[in-house]
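First up is the structure itself, then whatever we jot down about it.
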Amino acid sequence: MTKPMRTLPEAAGAAPACRCIFLLLPTFSPLDLSSAVAALEAANQHDGTARYDWRVVSEDGLSVTAPNGLGVAVDGGLPDLVRGDMIFVCGGQGQEPGISLKVLGWLRKAQRMGAALGALGGGVLALARSGLLAGRQVSAHWALRAVLAEAHPDVEVKNSLFTMEGKLITCAGGTATIDMMLNLIADHHGAALATGAADLMVCSSARRGNQDQTVSEYGRTGVRHEKLAAALSLMRSNLEEPLTPGGISDLVGLSVRQLERLFSKYLQTTPKVYYTRLRLDYARSLLLQTNMRIIDVALASGFNSQTHFAKVYRRYFGKSPHQERPF
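Written out as structure tokens, the structure reads:
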């Protein structure tokens, strides 16, 4: 997926093409990358003028294989930076190996030089670890928001599609990447060019950044039953201090027995087992994506004892919390 050779002319008297650098992390999403590049290419093709150039890079200059097995050749390693560069860190929602000091240093240098910094999907975790997001508002994929908020309490995590705040651009990823890039093109060159680029991509219109990521319980679980969906949402919102079955039942207007029957019918499990699974999945995300102590991970996922947490974790995942850590 390296970029094609650019043959379009730069407009007479126009500023040089803006260079966009896409840094691929090992868990990058091909959808995020291709969506961003497609929008830039469409902007160039609209009137035959090269307003954007782009490079796809990795830390070591070697190709990167996405979690789905798609290998992407890159244009090289971390490049020397020039003023006006825009950097987009591309990550995913899966296990992210520790970000190297080399990458973190490169990102910090980019900020000092005045480069615009962006994150697509899980790339926001790398920016957070670099310390460049302290006190800032960011958008993050809904699956990463809890982890990001837990590991970086100094970062304000929003439920929006994307956030453009000065020279910081963060995006939930997925199809929201197209929306973010079209808005960026509009900011740079006007709404007419952004609309033309959208037309080339057969995109009816770009959503605004402050629009919420609408992920229903049906979208997550396939459950359409209103009260069961409400119970699942309550569980998901109360992982650190788990609610009792009776408390959940009261809040959704059911008896405990009625709630158990709904779980059995639609999810083939019990409320207790399902709730424990949610907490363990959250704990696993914290282990893989943060440097939190295991006791703190246990507490954040509703376990008061590290010993009990380790026992339940091993029973569910087949390995201890210590063995789960990638570093």
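Per the working numbering, the very first residue in the sequence shown carries number 192; after that it's consecutive. Note that beta-carbon positions come from the ideal geometry of N, C-alpha and C, so glycine has one too.
Just verifying my parser: in three-state terms, what is the DSSP assignment at residue i?
i      : result
Thr386 : helix
Asp271 : coil
Ile290 : coil
Arg415 : coil
Lys349 : strand
Met355 : strand
Val265 : coil
Ser424 : helix
Pro195 : Because the pLDDT of Pro195 is 40, which lies under 50, any placement of that residue in the model is unreliable, and the question is left without a value.
Thr398 : First, the residue type needs correcting, since residue 398 is Arg and not Thr in the sequence shown. The answer is coil: DSSP assigns Arg398 none of H, G, I, E or B.
Arg327 : coil
Val255 : strand
Arg246 : strand
Arg210 : strand
Trp297 : helix
Within the continuous alpha helix (DSSP H) that includes residue i, where are the two ends?
i      : result
Ser225 : 221 to 238
Ser455 : 447 to 458
Ile369 : 367 to 380
Leu477 : 462 to 480
Phe500 : 497 to 508
Val443 : 436 to 443
Leu335 : 333 to 342
Val488 : 485 to 491
Gln404 : Element bounds for Gln404: n/a, residue is neither H nor E.
Glu515 : 512 to 515
Distance, Cα to Cα, residue i vs residue j?
i      : j      : result
Ser321 : Arg303 : 13 Å
Val228 : Trp245 : 8 Å
Ala383 : Met277 : 22 Å
Leu478 : His380 : 43 Å
Val503 : Pro433 : 16 Å
Val263 : Ser220 : 11 Å
Lys358 : Val265 : 25 Å
Pro195 : Val247 : At Pro195 the pLDDT is 40, less than 50, meaning the model places this residue with poor confidence; the figure from the coordinates comes in the next sentence. Pro195 and Val247: Cα-Cα distance of roughly 11 Å.
Thr198 : Thr460 : Only weak support is given to the placement of Thr198: the predicted model assigns it a pLDDT of 43, under 50, and the value that follows is read from those uncertain coordinates. Their backbone Cα atoms lie some 59 Å apart in a straight line.
Leu425 : Ala241 : 50 Å
Pro512 : Leu311 : 28 Å
Leu292 : Pro436 : 46 Å
Ile360 : Asn482 : 25 Å
Ala377 : Lys510 : 49 Å
Ala179 : Gln449 : The displayed coordinates of the chain run from 192 to 518. Any statement about residue 179 would go beyond what the structure contains.
Arg210 : Glu232 : 12 Å
Pro462 : Arg516 : 28 Å
Leu453 : Ser440 : 11 Å
Arg399 : Ser330 : 13 Å
Gln480 : Glu431 : 17 Å
Leu298 : Asp251 : 15 Å
Leu324 : Leu318 : 6 Å
Thr193 : Glu356 : In this predicted model, Thr193 has a pLDDT of only 44, less than 50, meaning its place in the structure is not dependable enough to derive any value.
Leu375 : Tyr465 : 41 Å
Ala301 : Met372 : 20 Å
Where do the N-terminal and C-terminal ends of the beta strand (DSSP E) with residue i fall, by residue?
i      : result
Met277 : 277 to 282
Leu216 : That residue, Leu216, is in no beta strand (DSSP E); it is neither H nor E in DSSP.
If I'm right that residue i touches residue j with Cβ under 8 Å, what's the distance once you round it to whole angstroms?
i      : j      : result
Ser351 : Asn429 : No, Ser351 and Asn429 are not in contact; Cβ-Cβ is about 23 Å, not under 8 Å.
Leu316 : Gly282 : 6 Å
Leu216 : Gly314 : 7 Å
Ala306 : Leu272 : 6 Å
Ser249 : Gly275 : So it is not a contact: roughly 22 Å between Cβ atoms.
Glu347 : Arg327 : 7 Å
Ala337 : Phe353 : With a Cβ gap of about 19 Å, Ala337 and Phe353 do not count as contacting.
His237 : Leu391 : 7 Å
Leu469 : Arg427 : 6 Å
Ala422 : Val443 : 5 Å
Ile369 : Ser226 : 5 Å
Ala388 : Ala230 : 6 Å
Length at least 4, wholly inside the region 301 to 325: the alpha helix (DSSP H) runs in chain order: 314 to 320
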